[in-house]
Ligand code: BDR
Ligand code: CA
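Rendered as structure tokens:
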């Protein structure tokens, strides 16, 4: 049995990622919430609401509500004010834990040393703070899966930076230099595999509660991505990263490389700098995913949408 913590800034793609983990039978030990896409309170509520929707009680741990150093900026224009387009979910009946995410990460790493996997589909503040609190988590967390950064320097929040890394580049720098076993799925790889018009129409025909929910929560994000970001469909940054974590066949091409983070207050803030030529002479620290097996991902997505 695989054990996961999923770290979310809970918008539509984060919610579906949580569902995908559960559907695939891994043990989700906790959902940790971090500053990101929308208001922090709404992110917590979305996570609780999502668990209520599928009838699962998994602890939700509130984490950091701001980056370690930088000023914070959310992106409600991308995901809608409530993170799921024009809808705003009702207050959930479930309650978050009183324990904070940082303590939960340290405790759960102690409970499953060498087995725990950390799925970061959000800024890396919680993981960085947990590491600063207890550096031994590097040896206890088996794997860190990161949705973030760019492979070739095409960003979304700035011309060269991807949002998750850009929000808290200081946290990302700590995490990327700590010695974790990291696989990174970059934004400019993700956008090559959107759900296109044909697939969107196919999904509309899947008449399950989950598929109807999917169409509802992604409509705004899809329109935004196609109109403003010139992407040929709905991008799935978090969901593709989750499917990469669950199924190695989703990766078509990856390479172990040396990656560092630009954390200056400058034009390139939040850029994931990849030392393609090994000029720094440092040991590679990140498995960078360059190509996705779209068929494999789409089959995992439709499997999820056929769940119920
Ligand atoms: C990432 O940032 C958020 O908008 C998404 O949830 C995803 O994790 C894309 O840059
Ligand atoms: Ca996210």
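Numbering (my numbering), first residue to last: 25 to 332.
Ideal placement from N, C-alpha and C gives every residue a C-beta, glycine not left out.
Please read all numbers here as calculations on a predicted model, not as lab measurements.
Residue i, buried or exposed, once every other Cβ within 10 Å from all chains shown has been counted against 16
i           : result
residue 304 : exposed
residue 25  : exposed
residue 211 : buried
residue 216 : exposed
residue 61  : buried
residue 288 : exposed
residue 66  : buried
residue 199 : buried
residue 93  : exposed
residue 134 : exposed
residue 300 : exposed
residue 95  : exposed
Residue i CB to nearest heavy atom of ligand 2 below 7 Å
i           : result
residue 185 : no
residue 145 : yes
residue 61  : yes
residue 89  : no
residue 192 : no
residue 125 : no
residue 327 : no
residue 262 : yes
Strand pairing of residue i, partner residues [DSSP]
i           : result
residue 171 : 209
residue 32  : 57
residue 278 : 313
residue 297 : 284
Straight-line Cα distance separating residue j from residue i
i           : j           : result
residue 202 : residue 162 : 7 Å
residue 176 : residue 242 : 26 Å
residue 260 : residue 267 : 10 Å
residue 40  : residue 48  : 12 Å
residue 117 : residue 154 : 28 Å
residue 231 : residue 43  : 18 Å
residue 87  : residue 120 : 11 Å
residue 280 : residue 218 : 25 Å
Residue i CB to nearest heavy atom of ligand 1 below 7 Å
i           : result
residue 102 : yes
residue 38  : yes
residue 70  : no
residue 196 : no
residue 99  : yes
residue 35  : yes
residue 211 : yes
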